[in-house]
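Using our numbering, the first residue of the sequence shown is number 6, and each one after it goes up by one.
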Amino acid sequence: MPPSPRHRNVVLIPTYNEKENLPRIVPAVLQAAAVDIMVLDDKSPDGTGAIADRLAAADPRVQVVHRPAKQGLGAAYLDGFRRALSLGYERIIEMDADFSHPPDQLSTMLHLAERHDVVLGSRWVQGGGTRNWPLLRQLISRGGSLYARTVLGVGVKDLTGGYKCFRREVLERIELNAIRSTGYAFQIEMTYRAIQQGFDVVEMPIVFVEREQGVSKMSRRIVLEAILEVPRLRFERPSWFAPRTSSESSALRVRSTLSNYRWRRGPSTSSRVRADEFCSRNRRRHALD
Numbered sequence: 006m007p008p009s010p011r012h013r014n015v016v017l018i019p020t021y022n023e024k025e026n027l028p029r030i031v032p033a034v035l036q037a038a039a040v041d042i043m044v045l046d047d048k049s050p051d052g053t054g055a056i057a058d059r060l061a062a063a064d065p066r067v068q069v070v071h072r073p074a075k076q077g078l079g080a081a082y083l084d085g086f087r088r089a090l091s092l093g094y095e096r097i098i099e100m101d102a103d104f105s106h107p108p109d110q111l112s113t114m115l116h117l118a119e120r121h122d123v124v125l126g127s128r129w130v131q132g133g134g135t136r137n138w139p140l141l142r143q144l145i146s147r148g149g150s151l152y153a154r155t156v157l158g159v160g161v162k163d164l165t166g167g168y169k170c171f172r173r174e175v176l177e178r179i180e181l182n183a184i185r186s187t188g189y190a191f192q193i194e195m196t197y198r199a200i201q202q203g204f205d206v207v208e209m210p211i212v213f214v215e216r217e218q219g220v221s222k223m224s225r226r227i228v229l230e231a232i233l234e235v236p237r238l239r240f241e242r243p244s245w246f247a248p249r250t251s252s253e254s255s256a257l258r259v260r261s262t263l264s265n266y267r268w269r270r271g272p273s274t275s276s277r278v279r280a281d282e283f284c285s286r287n288r289r290r291h292a293l294d
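Right under this line is the structure:
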């Protein structure tokens with residue numbers, strides 16, 4: 006199905022046993038921004054796929070991809086990326102089905118995507134955070150991001166976050182067939198590959214809310230994969246890596262939106278973030294490269 010004439014943006018929602026959340030998240034997303042939705046269902050045994058079909062039949066902005074089996078978050082997103090590119094979408098957004106990623110921040114994300122190649126919903130910049138998370142979960146997430154940031158040598162605060170928007174040029178430039186990670190490691194790898202290619206990455210503060218319905222897909226295997234994959238990313242130079250220019254290859258153009266955000270509240274809109282100023286120190290440094 007081609008994208009809707011006015012909607013050049015698509016939200017990818019991978020699902021596995023999300024029958025409680027999918028009927029709620031789909032209308033919330035459609036109400037929040039001018040987007041289409043692509044549900045990527047990994048043959049959920051609880052009937053999520055059938056629910057997705059009914060939602061798609063009721064609204065042309067919704068489409069469903071029935072995948073053959075549960076193959077991991079990374080595989081689902083890679084499938085969605087390829088399909089979204091083939092359909093001509095200009096901006097492709099990753100989003101969880103369980104309301105952990107706030108739909109009301111979609112318009113802000115798309116606004117930032119007009120000027121930036123990758124927009125990350127970040128828990129660990131000023132204004133971001135988590136809700137209903139146990140201390141151990143916070144330590145794992147913060148520690149994972151710090152570990153990846155240190156090993157990879159990048160300035161992104163929340164490398165493991167999964168709420169992000171890519172311009173199509175980013176996904177076209179990255180060799181998707183070379184991505185092999187899943188889970189936390191997949192999110193780390195996608196952002197790192199974008200930075201390697203010289204794309205502009207910006208973080209947008211969000212509050213990540215622990216799911217109320219369904220079961221978390223987090224596992225020890227996912228955490229272990231991230232620990233092992235990060236050094237591979239740092240020290241393995243992929244054969245497809247070809248920076249646009251020498252100056253871009255030397256500059257990791259990452260702007261972390263900390264105290265320079267200005268918050269506004271309108272009478273008919275939720276809180277919105279405007280990134281009118283970004284890290285001038287990074288800008289000056291990159292100008293010298």
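From the three backbone atoms N, C-alpha and C, an ideal C-beta is built for every residue, glycine too.
Remember, it's a predicted structure, so these values are computed and weren't measured experimentally.
* Asked: Distance, Cα to Cα, Ser146 vs Leu176?
  -> Along the sequence shown, read from residue 1 onward, the residue named residue 146 stands at position 141. Along the sequence shown, read from residue 1 onward, the residue named residue 176 stands at position 171. Near 25 Å, if we compare the C-alpha coordinates of Leu176 and Ser146.
* Asked: Cβ of Glu194 within 7 Å of Cβ of Ile179?
  -> For the purposes of this step, residue 194 is taken as residue 189 along the sequence shown, with counting starting at 1. For the purposes of this step, residue 179 is taken as residue 174 along the sequence shown, with counting starting at 1. Their beta carbons are not under 7 Å apart, which means Glu194 does not touch Ile179 by this criterion.
* Asked: Are the Cβ atoms of Ser127 and Gly134 separated by less than 7 Å?
  -> Taking the first residue of the sequence shown as 1, we reach residue 127 at position 122. Taking the first residue of the sequence shown as 1, we reach residue 134 at position 129. No. Outside cutoff.
* Using a threshold of 7 Å, state whether the C-beta atoms of Asp122 and Phe213 are closer than that. => As a working mapping, residue 122 is identified with position 117 in the sequence shown. As a working mapping, residue 213 is identified with position 208 in the sequence shown. For Asp122 and Phe213, no; Cβs fall outside 7 Å.
* **Validate contact between the region 37-53 and the region 68-84 using beta carbons, cut 8 Å, 3 pairs** => yes
* To do: Throw me the rounded Cβ distance for the Gln72 and Ala81 pair, which I believe falls under 8 Å.
  => The residue you call residue 72 lines up with position 67 of the sequence shown. The residue you call residue 81 lines up with position 76 of the sequence shown. The sequence given here has Arg at residue 72, not Gln. Right, their Cβ atoms sit about 6 Å apart.
* Roughly how many angstroms lie between the CA atoms of Ser49 and Thr155, to the nearest whole one? -> One-based indexing of the sequence shown puts residue 49 at position 44. One-based indexing of the sequence shown puts residue 155 at position 150. Computed Cα separation, rounded: 37 Å.
* Asked: Within the present structure, is the beta-carbon of Leu115 separated from the nearest heavy atom of the ligand GDP by less than 6 Å?
  -> Here there are no bound small molecules, and the ligand GDP is not part of this structure.
* Where does Tyr21 land, buried or exposed, given buried means 16+ other C-beta within 10 angstroms? -> Taking the sequence shown and counting its residues from 1, one reaches residue 21 at position 16. Classification for Tyr21: buried.
* Based on Cα-Cα distance, which residue from Arg136, Val15, Leu125 and Ala57 lies nearest to Met209? -> Position 204 of the sequence shown, counted from the start, is the residue given in the question as residue 209. The shortest C-alpha separation from Met209 is found at Leu125.
* Asked: Considering Leu157, what are the terminal residues of the alpha helix (DSSP H) in which it resides?
  -> Within the sequence shown, residue 157 is the residue found at index 152, counting from 1. Counting along the chain, the alpha helix (DSSP H) containing Leu157 begins and ends at Leu140 to Leu157.
* **Local Cβ density within 10 Å of Phe171, reported as buried at 16 or more and exposed below that** => Position 166 of the sequence shown, counted from the start, is the residue given in the question as residue 171. The residue is buried, with at least 16 neighbouring Cβ atoms inside 10 Å.
* Look at the Cβ atom of Leu115, then the Cβ atom of Gly188, and state whether they are nearer than 7 Å. => Reading the sequence shown from its first residue, position 110 is the one you call residue 115. Reading the sequence shown from its first residue, position 183 is the one you call residue 188. No.
* To do: Give a yes or no on whether the C-beta atoms belonging to Thr165 and Gln201 are separated by under 7 Å.
  => Counting from 1 along the sequence shown, the entry for residue 165 is found at position 160. Counting from 1 along the sequence shown, the entry for residue 201 is found at position 196. No, they are not a contact pair.
* Using alpha carbons as the reference points, say which of Asn137, Leu229, His106 and Glu230 lies closest to Met31. => As a working mapping, residue 31 is identified with position 26 in the sequence shown. Before going further, note that residue 31 is Val rather than Met in the sequence given. That would be His106, whose Cα lies nearest to the Cα of Val31.
* **Proximity of Val130 and Lys169 at Cβ, strictly below 7 Å** => Stepping through the sequence shown from its first residue, residue 130 is reached at position 125. Stepping through the sequence shown from its first residue, residue 169 is reached at position 164. No, Cβ-Cβ distance for Val130 and Lys169 is not below 7 Å.
* Let me know the secondary structure DSSP gives Gly188 once reduced to three states. => Here residue 188 refers to the residue found at position 183 when the sequence shown is read from its first residue. Residue state, collapsed to three classes: helix.
* Asn182 (DSSP reduced to helix, strand or coil) -> Along the sequence shown, read from residue 1 onward, the residue named residue 182 stands at position 177. In this structure, Asn182 counts as helix in the three-state DSSP scheme.
* Spatially closest choice to Leu140 from Val235, Leu238, Asp46 and Glu215, by CA coordinates -> In the sequence shown, residue 140 corresponds to position 135, counting from 1. The shortest C-alpha separation from Leu140 is found at Glu215.
* Asked: Between the C-alpha atoms of Ile18 and Glu241, what's the straight-line distance to the nearest angstrom?
  -> In the sequence shown, residue 18 corresponds to position 13, counting from 1. In the sequence shown, residue 241 corresponds to position 236, counting from 1. When rounded, the distance between both Cα atoms is 30 Å.
* Taking the continuous alpha helix (DSSP H) assigned at Phe86, which residues delimit it? -> To locate residue 86, count along the sequence shown from 1; it is residue 81. Unbroken alpha helix (DSSP H) run through Phe86: Leu78 to Ser91.
* To do: Pick helix, strand or coil for Leu229, following the three-state DSSP scheme.
  => Locating residue 229 in the sequence shown gives position 224, where the first residue counts as 1. Helix, per DSSP.
* For Ile56 versus Leu92, is the C-beta spacing smaller than 7 Å? -> Residue numbering aside, residue 56 sits at position 51 when the sequence shown is read from its first letter. Residue numbering aside, residue 92 sits at position 87 when the sequence shown is read from its first letter. It is not a contact, given that the beta carbons lie outside the stated cut-off.
* To do: Pick helix, strand or coil for Ile18, following the three-state DSSP scheme.
  => Here residue 18 corresponds to residue number 13 of the sequence shown, with the count starting at 1. Ile18: strand per DSSP, three-state reduction.
* Where Leu125 sits in the DSSP three-state scheme -> Translated into the one-based positions of the sequence shown, residue 125 becomes position 120. Strand.
* How long is the line joining the alpha carbons of Ala63 and Thr196, rounded to whole angstroms? -> Position 58 of the sequence shown, counted from the first residue, corresponds to residue 63. Position 191 of the sequence shown, counted from the first residue, corresponds to residue 196. Roughly 35 Å separates the two Cα atoms.
* Sub-7 Å separation of Asp51 and Lys75 beta-carbons -> As a first step, residue 51 must be located in the sequence shown, where it is residue number 46. As a first step, residue 75 must be located in the sequence shown, where it is residue number 70. Against a cut-off of 7 Å, the Cβ pair of Lys75 and Asp51 comes out as no contact.
* Asked: Do Val15 and Ala89 have their C-beta atoms within less than 7 Å of each other?
  -> Within the sequence shown, numbered from 1, the residue matching residue 15 stands at position 10. Within the sequence shown, numbered from 1, the residue matching residue 89 stands at position 84. Yes, the Cβ-Cβ distance between Val15 and Ala89 is below 7 Å.
* CA-CA distance, Ile232 and Gly149? -> Within the sequence shown, numbered from 1, the residue matching residue 232 stands at position 227. Within the sequence shown, numbered from 1, the residue matching residue 149 stands at position 144. Going by the C-alpha atoms only, they are around 8 Å apart.
* Asked: Using the beta-carbon count (16 or more within 10 Å), is Glu23 buried or exposed?
  -> Locating residue 23 in the sequence shown gives position 18, counting from the first residue. Buried.
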